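Novice:
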Amino acid sequence: MWQLIGRNPSETVSVPRPERHEMKTLNEAEVQNLFGATSEDRFHALWVLLTTTGLRLGEACGLQWKDIDLERGSLTVRRALQRQKGVGFVFVEPKTRLSQRKVHLPPGTLAVLSAHRKRQLEERLKAGAFWQEQDLVFCRPAGSPLEATNLLPEFHRALAKAALPKIRIHDLRHTAATLLLKMGEHPKVVQEMLGHSTITLTLDTYSHVVPSMQEEAARKMQTLFVNG
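Going left to right, the sequence shown walks through residues 523 to 750 as this note's numbering numbers them.
(1) My parser needs the beta strand (DSSP E) runs of 3 or more residues fully inside the stretch 606–656; what are they?
(2) Near residue 590, which residues of its chain fall below 7 Å by C-beta distance, leaving aside the five closest residues on each side in sequence?
(3) Could you check what DSSP says for residue 596 in three-state terms: helix, strand or coil?
(4) Would you decide whether residue 717 is buried or exposed? Buried here means 16 or more other CB atoms lie within 10 Å of its CB.
(5) Helix, strand or coil for residue 548? Go by DSSP, reduced to three states.
(6) Using the rule of at least 16 other Cβ atoms within 10 Å of the residue's Cβ for burial, across every protein chain shown, is residue 578 buried or exposed?
(7) Count the C-beta pairs between the stretch 678–688 and the stretch 660–669 that are closer than 8 Å, then say yes if the count reaches three, no if not.
(8) What residue range is occupied by the uninterrupted alpha helix (DSSP H) comprising residue 717?
(9) Under 8 Å, do residue 754 and residue 725 count as touching if we go by C-beta distance?
(10) Per DSSP, residue 602 forms a beta bridge with which residues?
(11) Residue 580 lies in the alpha helix (DSSP H); which residues open and close that run?
(12) Out of 561, 563 and 582, which one is the CA nearest neighbour of residue 694?
(13) Using beta-carbon positions only, say whether residue 601 and residue 613 come within less than 8 Å of one another.
(14) What distance in whole Å lies between the Cβ atoms of residue 632 and residue 595, which are believed to be in contact at a cut-off of 8 Å?
(15) Looking only at its chain, what residues have a beta carbon closer than 8 Å to the beta carbon of residue 626, apart from the 5 residues adjacent to it on each side?
(16) Taking residue 623 and residue 714 to be in contact with their CB atoms under 8 Å, please state how far apart those CB atoms are, rounded to whole angstroms.
(17) In angstroms, rounded to a whole number, what distance separates the CA positions of residue 736 and residue 743?
(18) Report buried or exposed for residue 675, applying the criterion of at least 16 other Cβ atoms within 10 angstroms of its Cβ.
(19) What's the call for residue 747, buried or exposed, on a 16-neighbour Cβ count within 10 Å?
(20) Report yes if the C-beta distance between residue 573 and residue 739 is below 8 Å; otherwise report no.
(21) Go ahead and pull the three-state DSSP assignment for residue 689.
(22) If we require 4 or more residues per run, which alpha helix (DSSP H) segments fall completely within the stretch 662–713?
(23) Considering only residues of the same chain and omitting the five flanking positions on each side of residue 728, which have a CB-CB separation below 7 Å?
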């Protein structure tokens, strides 16, 4: 039986500073290509959710259907799925206090999740007695948790179908934030969606977007001039 660990065990472990990966994001047209090319794929809903909400992969893999309100159009991040050596899969509390959050979903994402749920119910019927009931939104064909390392090849196949260059799954989170900021969304809203501990972290992480935001601000100020 799974239990929710009250504290993320990784917080107590001293590890070397990880190598900083170059951030690569998709633009709007590329996102649309990805969604279109994978519309019939088993993991389509996962790519859509990550791109439109900015959830971390562990948070998405830890989602249960009870966390999603399809009628009100929102989900609540309460846990993350993590594999621990010698233990297996466990639920852990999200990365920070603010990582426990409610995220509103666009209608397109809700439609994709509804279709995904229908597909999953069909898999459940097919699995019969072999189905492992854990209420996971994203799982293997028999209901067991997804292995994050096995998802990367699936993601790269999805990118290839859409004729897009290879990026990391985590770059979908960066894509969500970058697109929202470029669309003019307030950084505080983006911070809350991502579950960042501070707005400073959000602005520092996505500082590459600031110049275009400043250009847009200048265009808006131009409206003060009568002759434009």
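A virtual CB, placed ideally from N, CA and C, is assigned to each residue, including glycine.
Values in this document were obtained by computation on a predicted structure and should not be read as measured data.
Specialist: Let's see:
(1) Secondary structure in the stretch 606–656: the beta strand (DSSP E) runs of 3 residues or longer, each lying completely within the stretch, are 610–614 and 623–626 in chain order.
(2) Along the sequence shown, read from residue 1 onward, the residue named residue 590 stands at position 68. Taken in chain order, the residues that qualify are 597, 635 and 659.
(3) As a first step, residue 596 must be located in the sequence shown, where it is residue number 74. Looking at residue 596 - three-state DSSP - the assignment turns out to be strand.
(4) As a first step, residue 717 must be located in the sequence shown, where it is residue number 195. That one is buried.
(5) The residue labelled residue 548 in the question sits at position 26 within the sequence shown. If DSSP states are grouped into helix, strand and coil, residue 548 belongs with coil.
(6) What you label residue 578 is simply residue 56 of the sequence shown in a count that begins at 1. Buried, since its Cβ has 16 or more Cβ neighbours within 10 Å.
(7) Judged by Cβ distances under 8 Å, the stretch 678–688 makes no contact with the stretch 660–669, as fewer than three pairs qualify.
(8) Along the sequence shown, read from residue 1 onward, the residue named residue 717 stands at position 195. Going by DSSP, residue 717 is part of no alpha helix (DSSP H) at all; its letter is neither H nor E.
(9) Outside the shown range of the chain (523 to 750) lies residue 754, about which nothing can therefore be said.
(10) One-based indexing of the sequence shown puts residue 602 at position 80. In the DSSP assignment, residue 602 forms a beta bridge with 614.
(11) In the sequence shown, the residue the question calls residue 580 occupies position 58. Taken as a continuous stretch (DSSP letters only), the alpha helix (DSSP H) holding residue 580 covers 579–583.
(12) The residue labelled residue 694 in the question sits at position 172 within the sequence shown. Distances from the CA of residue 694 to each of 561, 563 and 582 were compared; the closest alpha carbon is that of 582.
(13) Locating residue 601 in the sequence shown gives position 79, counting from the first residue. Locating residue 613 in the sequence shown gives position 91, counting from the first residue. Yes; because the gap between Cβ atoms is below 8 Å, this pair is in contact.
(14) Working through the sequence shown from its first residue, we reach residue 595 at position 73. Working through the sequence shown from its first residue, we reach residue 632 at position 110. The Cβ separation is near 6 Å, so the contact holds.
(15) Looking up residue 626 in the sequence shown gives position 104. Answer for residue 626: 595 and 596, listed in chain order.
(16) Here residue 623 corresponds to residue number 101 of the sequence shown, with the count starting at 1. Here residue 714 corresponds to residue number 192 of the sequence shown, with the count starting at 1. Taking the Cβ atoms as the reference, residue 623 lies roughly 6 Å from residue 714, within the contact range of under 8 Å.
(17) If you number the sequence shown from 1, residue 736 lands on position 214. If you number the sequence shown from 1, residue 743 lands on position 221. So the two alpha carbons sit approximately 11 Å from each other.
(18) Counted from its first residue, the sequence shown places residue 675 at position 153. So residue 675 ends up on the exposed side.
(19) Against the sequence shown, residue 747 aligns to sequence position 225. It is exposed - the Cβ of residue 747 has fewer than 16 other Cβ atoms within 10 Å.
(20) Numbered from its first residue, the sequence shown carries residue 573 at position 51. Numbered from its first residue, the sequence shown carries residue 739 at position 217. Going by C-beta atoms, residue 573 is not nearer than 8 Å to residue 739.
(21) The residue you call residue 689 lines up with position 167 of the sequence shown. Coil.
(22) Listed in chain order, the alpha helix (DSSP H) elements of length 4 or more contained wholly in the stretch 662–713 are 670–683 and 693–704.
(23) Residue numbering aside, residue 728 sits at position 206 when the sequence shown is read from its first letter. The answer, listed in chain order, is 699, 700 and 703.
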